[in-house]
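With the numbering used here applied, the sequence shown closes on residue 416, and no number is skipped along the way.
Structure first, then comments.
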Amino acid sequence: MFFLCSVCFLYLVGFYLFYLLAFICFWVYMFFVEVVILWFLILIYLLLYVMYVYLWYVYFYCVKYMVLYYYYLKFWCWFVCYFFFSNMMMLYIFFELSIFPVIIMILGYGSQVEKIGATYYLIFYAVVCSSPFLYVYFCSSFYLFFAYYSVVVSYEMVIFLTLCFLVKFPVYFLHLWLPKAHVEAPTTASMLLAGLLLKLGTLGYVRLMLVYNYVYVFFWGILGLLGMILGSFLCLIQSDVKSLVAYSSVVHMSFVLFVLILMCSSSKLSGGLMMISHGYVSTLMFYIVGEYYHVSSTRMMNYLSGFMNSSLAVSLMFMLVFLCNGGLPPSLSFFSEFIGLVGLYLSYSGLFLFLFIYFFVAFYYSLFILTSAVMGKNYVNFTFNFISYMFPGVMLMFNFFWIGLLF
């Protein structure tokens, strides 16, 4: 009885927060330039709601994990403040403040001793790659201003300004902190990290794209293309499912970087759709992997099998999530990749061979983990109750909801 009352109370709080957020989003939509923020705020709400249900379901009487939700709310406040500042220094401050809740989640709620090394990686990359941005800002006498097409910015200036945002992208060669942080973080922290934190770097990079003046795009394109292809091959050799999902995030965000440098309207639409699609799909993948780890106490690929023998609902949800990750139509991932291909064909048609390698390998590793998980011998009795697989289904339906917005 107490559990049913708690669930009903959770629904009431959820609906109240939803209407409050809808009111905020309306004013953001009316008075703010970047309309894509509307959908990112809805993404924040759904992620926080699902993570709260996950904590309530898995750790019902554990106050320690209920306190963890406080850090999610703090991250939500800093994430919203990140959108409302046009000043570069305030943008940088709230951008870096978002790291502290993630560090607390890893150190306070991680289960392995390797969480200390993962925190070192995160702090090292954040400090080293953020120092050039502060150097440029201080050398400009705290007044950093660029007018579109006014001046050709030097190569070093572009690197210094965007390096701190590329770490949170993360681009290939600056991604080593991400798999370590995902593996050592709890499930809800991984959902927050993949669903929201990676989008901060992308949005910061988009705000600085105006200073590029269509120069040095070849360098960023090669960097994004290497991340797409090499990251896909790295996914094939992973034995930890959570590490595989983390490298999958590197692949998708490298695709976002690759299409954004095309500097056309279709590429910006493709990058925005891929960011929102990745926010939902990666959160669902970490949700399922976290449920699997909660039941079986392992994340090894060798034991991830036999879902069809345990539960038809679990296997169906697993299939839909990983097929959406591979770009199965009519998911949002498919439309974002298709729009990006159209923009690429109009700009650089000679890169289709490399994109074919990327799409083939990316769909192969999604299909590989799908077949190994659904089929085979059943090692663990992996079952969900209604609350456990209802909320991922809601988020997955929201992923398909974009079809009505596109057409």
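Every residue gets a Cβ at the ideal spot worked out from N, C-alpha and C, and that includes glycine.
- In the three-state DSSP reduction, Met-384 falls in the coil class, being neither helix nor strand.
- Per DSSP, Ser-320 lies in no alpha helix (DSSP H) and is assigned neither H nor E.
- Going by C-alpha positions, Ser-356 is about 27 Å away from Val-176.
- Taken atom to atom, the span from the alpha-carbon of Tyr-134 to that of Phe-174 is near 11 Å.
- In terms of Cβ geometry, Val-370 and Phe-182 do not form a close pair [threshold 8 Å].
- Sorting Leu-212, Val-383 and Ser-291 by C-alpha distance to the C-alpha of Ser-252 places Ser-291 at the top.
- Judged by DSSP secondary structure, Gly-280 falls within the alpha helix (DSSP H) whose first and last residues are 274 to 305.
- Distance from the Cα of Phe-267 is smallest, within the candidate group Ser-305, Arg-308 and Leu-232, for Leu-232.
- In terms of CA proximity to Phe-363, Leu-234 leads the group Lys-277, Met-262 and Leu-234.
- Where Val-180 is concerned, there is no enclosing alpha helix (DSSP H), because DSSP gives it neither an H nor an E.
- If you ignore the 5 residues before and after Val-145, its C-beta comes within less than 8 Å of the C-beta of Leu-153, Met-166, Phe-169 and Leu-170, all in its own chain and listed in chain order.
- The closest CA to that of Leu-325, considering only Leu-106, Gly-210 and Met-384, is found on Met-384.
- In the DSSP secondary-structure assignment, Met-309 is bridged to Asp-249.
- Phe-295 is not a Cβ neighbour of Val-265, given a cutoff of 8 Å.
- The three-state secondary structure of Pro-338, taken from DSSP, is coil.
- In the DSSP annotation of this structure, the continuous segment of the alpha helix (DSSP H) that includes Met-200 starts and ends at 196 to 201.
- The count of Cβ pairs closer than 8 Å, one atom from the stretch 201 to 216 and one from the stretch 276 to 288, reaches three, so the stretches are in contact.
- Rounded to the nearest angstrom, the gap between the Cα atoms of Ala-382 and Leu-313 is 5 Å.
- For Met-114, the uninterrupted alpha helix (DSSP H) run begins and ends at 108 to 118, by DSSP.
- Taking a C-beta distance under 8 Å as the contact criterion, Ile-112 and Leu-131 qualify as a contact pair.
- Counting only residues of its own chain and dropping the five nearest sequence neighbours on each side, Tyr-302 has a CB closer than 8 Å to the CB of Thr-196, Lys-251 and Arg-308.
- Residue state for Tyr-129 is assigned as helix, using DSSP reduced to three classes.
- In this structure, Ser-107 keeps its C-beta atom at 8 Å or more from the C-beta atom of Leu-185.
- Counting along the chain, Gly-210 sits inside the alpha helix (DSSP H) bounded by residues 207 to 216.
- A residue is called buried once 16 or more other Cβ atoms fall within 10 Å of its Cβ, and Cys-148, having fewer, is exposed.
- By the Cβ neighbour-count rule, Ile-125 is exposed, with fewer than 16 other Cβ atoms within 10 Å of its own.
- Judged by their CB atoms, Val-215 and Met-237 are not nearer to each other than the 8 Å cut-off.
- Within its own chain, the residues whose Cβ lies closer than 6 Å to the Cβ of Lys-189, once the five positions on either side in sequence are excluded, are Ala-127 and Tyr-130, listed in chain order.
- Using a Cβ distance threshold of 8 Å, Phe-327 and Ile-348 do not count as a contacting pair.
- Short of 6 Å from the beta carbon of Leu-172, and not among the five residues preceding or following it, lie these beta carbons of its own chain, in chain order: Cys-138 and Pro-141.
- When DSSP states are grouped into helix, strand and coil, Leu-232 belongs to the helix group.
- Where Leu-187 is concerned, the enclosing alpha helix (DSSP H) starts and stops at 186 to 193.
- Between the alpha carbons of Ala-194 and Ile-246 lies a distance of about 21 Å.
- Spatial neighbours of Tyr-256 in its own chain (CB-CB distance under 7 Å, excluding positions within 5 residues in sequence) are listed in chain order as Pro-188, Gly-240, Leu-243, Cys-244 and Gln-247.
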